[in-house]
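Structure first, commentary second.
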Amino acid sequence: MSRYTVLRDHHGERFSFQRRLLVVLSVVVTGLLVLFGRMVYLQVMQYQKYQTLAESNRISLVPIPPSRGIITDRNGIVLAHNYSAYTLEITPSKLPGKLDDTIESLAGLIEITPKDRRRFRKLLDESKEFESIPIKTRLNDEDAARFAAQAFRFPGVEIKARLFRQYPMGESASHLIGYIGRINDADMKRLEAESDIANYKGTDHIGKFGLEKSYETVLHGKTGYEEVEIDAGGRAVRSLRRTAPVSGNNLILSVDIKLQQIAEQAFGTRRGALVAMEPATGGVLALISRPGFDPNLFVDGIDPVSWKELNESPDRPLNNRAIQGLYPPGSTFKPFMALAALETGKRRAHDSIGDPGFFILGNHRWRDDKVDGHGLVDMNKSIVVSCNTYYYKLANDMGIDLIAGFMGPLGFGSRTGIDLPGEKEGILPSQAWKRRAFKRKEQQRWLAGDTISIGNGQGYNSYTIIQLAQSVSTLVNHGVQYRPHLVQYIENSSTRARKQMEPQPIKRLPYKPEHIEVIKQAMVNVNLAGTSSRAFAGAPYGSGGKTGTAQVFSLKGAKYNASTTREDLRDHALFIAFAPADQPRIALAMIVENAGFGAQAAAPIARQVFDYYLLGKLPAKPAEPLPDEAPADSAEGTPLENFMQQHRHD
Amino acid sequence: MIKRLFRRLAEPLDPWLFLFVGLLISVSLITIYSASNGSVDKVTNKMVSVSVALLAMWLVANLKPAQLMWLAPPLYLLGVVLLVAVELFGITVNGATRWLNIGIGRIQPSELLKLAVPMMVAWYFQRHESWLQPRHYAVAAAIIGVPVLLVLKQPDLGTSLLISAAGFYALFLAGLSWRVILPLVAMFLATIWFVGDFNRCASVFHDYQCHRVQVQLDPMADPLGKGYHIIQGTIAIGSGGITGKGWMNGTQTRLDFIPERTTDFIFAVYSEEFGLIGCALLLALYLCVIVRGLMIANSASSLFGRLLAGALTLSFFTYAFVNIGMVAGLLPVVGVPLPLVSYGGTAMLSILIGFGMLMSIQRDRKLIKR
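From first to last, the protein sequence lines are chains A and B.
Counting in this note's numbering, the first sequence runs from 891 upward without gaps.
Counting in this note's numbering, the second sequence runs from 70 upward without gaps.
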């Protein structure tokens, strides 16, 4: 309705406006008539129906929670499942008398342990007034029968059949399976935000950790409901309609639980982590973080004492070291440095340096661990004997920009995207990183000396074991990088139809095959004649590896005190490996914390893992800690010196 | 002396509008008392927020439309700036970033835009009234579009629809061509039709997005969630019958079957207790307010006044229609309170400020007449 009149036509304008007002008024009147018509329909024509529904019978929707999907390993061995059991539950708001009195009289009938009481108290604090709270779970038939006979004495107390989650493997694989726990306020808020809250009516538990958490929506299923008529007193009269719940989907993992357990046993009581995966798919075969914990503790709500124990243990068993522990890779970084040198043209494989046993830059001297040096060292030898001087010089020649530029795409310093919650990023040192990381101007500048230790996997380097495992896999998989994943299939629990989780190649890194071959061959030589040759002696398959040693501190909280923390100051043993040599089917990275100077502590565990995976061979007995030997390969300086250096950076 | 003071106080107020608003607020207090199972606290709280809102209405009614016009651009700009600030430093609750922390408390800038957008559009048309051309409608559309997109991003679909409606009313009353309006309406309906079917929707959007729309359009698809509200609300309304169960006697209310019964679902409580007769009265009251508002728009002395009064009145109608339609199961469940009746201070404040503007426009006409 464009008007081009320059002289205003007030009457025309007014008229047009009034016409529009009439249109609007008729819309308004129509709208209100529609609403009134709806009222007439509901309140006059349908009155009888709704009156009946509201007055004599009121419809109540009773949710029927779905049963949670089960988790199995790649061979169908159950790692998490459900079973039905009776629980004795108290609804505090329905009690006629005092809660404590009720509990005391119940205790006269059925054994209620202090642990049960503690857990009950904790749940009571978290729950709403009208909820029923389990005082004792997993009642046996005798207890159930005894209570049933006396039930009339206990209004507000009842026996309910509930599905319980159980983790038959106990501590084994606990960090990857995770656990479920009671839905708390934070969970409620999140569910509300995701508009998923209705689907959790009637469900008490939700995934809190590990796969149980990351695959919550897959495992949970869809809540069903029953329309029930209830009388004025709130009692159910009859069921009108029932919509069955849809069970959650099952997870079938790429993990081999046998392999997982063999590796776990091999760790014994030592702390550490191991990730083994299939290079060609990214499927994780084993993901170990030691020590573990028993996820079954969490299912009924963990009692405060057990929680305190787990949470405050200096061994930090709830920490998933495989994806959250940050460690300098030590010498296991060298093969990647060597590949970087080849790819960027900074070295050819046969270029040799003379190693006098140290490297000098300015007035600082970086020492090799072999005092006299290794003599003439080419790339193959630099990896086999783990020559530090070679990499001091290489790092210096490459410079930090080139190193960071190569290591970044390989996955160092960024999350791998494994299907577990809480993965840490780590630190890939670079000039930009240092500017971000430090407050004071003078600390932000990248120093030439900073680069030197980077080449040996020390200094600011800080990565997760899974990043290391992914990098080895990428290396032996011709530069094709996969996202590590634990879940192989999602299975519909009723039709058994499986949906494969597609292996997802993230990217193809354009490494020259002959360059990769040089590195792989050098790593094969390490297992044949280098630092890990003893552990792999007599293996009927070819394999490659690289040992490493690193010094790591939990800088938060742990004060340095030479007399009390000596044990903690021991070096961590690292190892990366793959097998068979020509067509690797398994690649792994691992760390044994505070294993002393023993890269020898790590390689034997890898040997057991490979033996089982490739040959089906079970280990004769858990790995014995080997006697300490002279360090074949360790960081520059003593642990104490490293410690001081680390603190200087901070 | 007292008489003079009273006259001074009453002078800026439009008696008809004030009467209808007063009646609606009485309905509100009575229903809230019942819906909260006789909580005096809730009624007292409501009375406090009513007083504050009435004072604001009176203050605004004392302004001249010229002053409102002068205020339009700064208010609009402030609103947009605040929306950008929400985008940058807003507080996220339940996945939506809608609030700003201003030290003493939180504010929700999108509320301001419900008033500022029609003001700004009216201001813009007033500036160009002598030579309105198609491009002016395009600019006006942009004035509406910027805040709407910002609110949509929060995400807050309901509020962004209400803001665009308020702006659209001003556009419509300014004479936007039917050739533009009809295709717009057709597009809107087509969108609803398109996303309404899950498979059609899923062919373009993510499954979860479609699922959300689905639940919005068909609450029965979510019987334990939003559908529950609808089922219980419908039973409450239907069982009210012609005369209702009587004040404080609604069984659906007493037995906790109606969720959010002092806020979004208060109409269910009202119609259960006062029946069809009560509903007819309430709808008639709303009609009275709207007719009075349109009369003010019709007799306003400036284009600004006409457009603003018309747009505000129609927004008021929209709130009432959407809320009752939702409770009665005709429309999807969206978080719109029943205007002037639901518990909740912010909505009441912005509505009464809007009425203050209407009164200001009405008073201006009177002054000129004299």
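Just so you know, even glycine gets a beta-carbon here, dropped at the ideal spot from N, CA and C.
Rounded C-alpha distance that separates residue i from residue j
| i | j | result |
| --- | --- | --- |
| residue 1212(A) | residue 1359(A) | 10 Å |
| residue 1280(A) | residue 1173(A) | 35 Å |
| residue 219(B) | residue 185(B) | 14 Å |
| residue 1300(A) | residue 1334(A) | 25 Å |
| residue 1006(A) | residue 175(B) | 43 Å |
| residue 1451(A) | residue 1462(A) | Confidence at residue 1451(A) is low in this model, with a pLDDT of 44, below 50, so the placement of that residue is unreliable and no value is reported for it. |
| residue 328(B) | residue 1089(A) | 17 Å |
| residue 1383(A) | residue 1231(A) | 51 Å |
| residue 906(A) | residue 211(B) | 24 Å |
| residue 1097(A) | residue 1067(A) | 10 Å |
| residue 77(B) | residue 127(B) | 11 Å |
| residue 973(A) | residue 1056(A) | 7 Å |
| residue 1512(A) | residue 1499(A) | For residue 1512(A), the predicted model reports a pLDDT of 48, less than 50, meaning its position is unreliable; a value from the coordinates is still stated below. In a straight line, the C-alpha of residue 1512(A) is about 12 Å away from that of residue 1499(A). |
| residue 1077(A) | residue 245(B) | 49 Å |
| residue 251(B) | residue 72(B) | 53 Å |
| residue 960(A) | residue 1111(A) | 11 Å |
| residue 1163(A) | residue 1272(A) | 27 Å |
| residue 406(B) | residue 1218(A) | 58 Å |
| residue 1480(A) | residue 1165(A) | 6 Å |
| residue 941(A) | residue 131(B) | 49 Å |
| residue 1446(A) | residue 980(A) | Note that residue 1446(A) scores a pLDDT of 37, beneath 50, so its modelled location is shaky; the value from the coordinates is reported in the next line. Going from the Cα of residue 1446(A) to the Cα of residue 980(A) covers about 43 Å. |
Any C-beta of chain A under 8 Å from that of residue i
| i | result |
| --- | --- |
| residue 303(B) | yes |
| residue 321(B) | yes |
| residue 397(B) | yes |
| residue 375(B) | yes |
Residue-chain proximity (residue i, chain B), Cβ-Cβ < 8 Å
| i | result |
| --- | --- |
| residue 1138(A) | no |
| residue 944(A) | yes |
| residue 1108(A) | no |
| residue 918(A) | yes |
| residue 921(A) | yes |
| residue 939(A) | yes |
| residue 925(A) | yes |
| residue 905(A) | no |
| residue 914(A) | yes |
| residue 929(A) | yes |
| residue 951(A) | yes |
Pick from the options that is closest to residue i, judged by C-alpha positions
| i | options | result |
| --- | --- | --- |
| residue 198(B) | 375(B), 392(B), 380(B) | 375(B) |
| residue 1156(A) | 1389(A), 1296(A), 1491(A) | 1491(A) |
| residue 192(B) | 366(B), 331(B), 142(B), 76(B) | 142(B) |
| residue 90(B) | 361(B), 391(B), 223(B) | 361(B) |
| residue 951(A) | 1144(A), 1118(A), 1057(A) | 1118(A) |
| residue 1557(A) | 992(A), 1438(A), 918(A) | Given a span of 891 to 1540 for chain A in the structure shown, any question on residue 1557(A) remains unanswerable. |
| residue 1071(A) | 1401(A), 1086(A), 1102(A) | 1102(A) |
| residue 384(B) | 70(B), 226(B), 233(B) | 233(B) |
| residue 1032(A) | 1086(A), 1059(A), 976(A), 1022(A) | 976(A) |
| residue 1621(A) | 1397(A), 1047(A), 1378(A), 1259(A) | With chain A covering 891 to 1540 only, the question about residue 1621(A) has no answer from this structure. |
| residue 1502(A) | 1175(A), 1254(A), 1481(A) | 1175(A) |
Cut-off 7 Å between Cβ atoms - residues of its own chain near residue i, not counting five sequence neighbours on either side
| i | result |
| --- | --- |
| residue 1037(A) | 978, 999, 1000, 1049 |
| residue 258(B) | none |
| residue 129(B) | 422, 425, 426, 429 |
| residue 50(B) | The structure shown has nothing for residue 50(B), since chain B only spans 70 to 439. |
| residue 1345(A) | 1227, 1281, 1282, 1284, 1285 |
| residue 378(B) | 362, 365, 366, 369, 427, 430 |
Chain-order list of residues whose beta-carbon lies under 8 Å from that of residue i (same chain, five-residue window excluded)
| i | result |
| --- | --- |
| residue 910(A) | none |
| residue 1399(A) | 1299, 1300, 1364, 1369, 1370, 1371 |
| residue 166(B) | 155, 156, 159, 160, 223 |
Residues near residue i by beta carbon distance below 6 Å, same chain, minus five either side
| i | result |
| --- | --- |
| residue 340(B) | 306, 309, 348 |
| residue 345(B) | 311 |
| residue 1287(A) | 1236 |
| residue 1099(A) | 1068, 1069 |
Supposed contact pair residue j and residue i - C-beta distance, whole angstroms, cut 8 Å
| i | j | result |
| --- | --- | --- |
| residue 1274(A) | residue 1416(A) | 5 Å |
| residue 195(B) | residue 363(B) | About 19 Å; that fails the 8 Å criterion. |
| residue 410(B) | residue 109(B) | No, residue 410(B) and residue 109(B) are not in contact; Cβ-Cβ is about 19 Å, not under 8 Å. |
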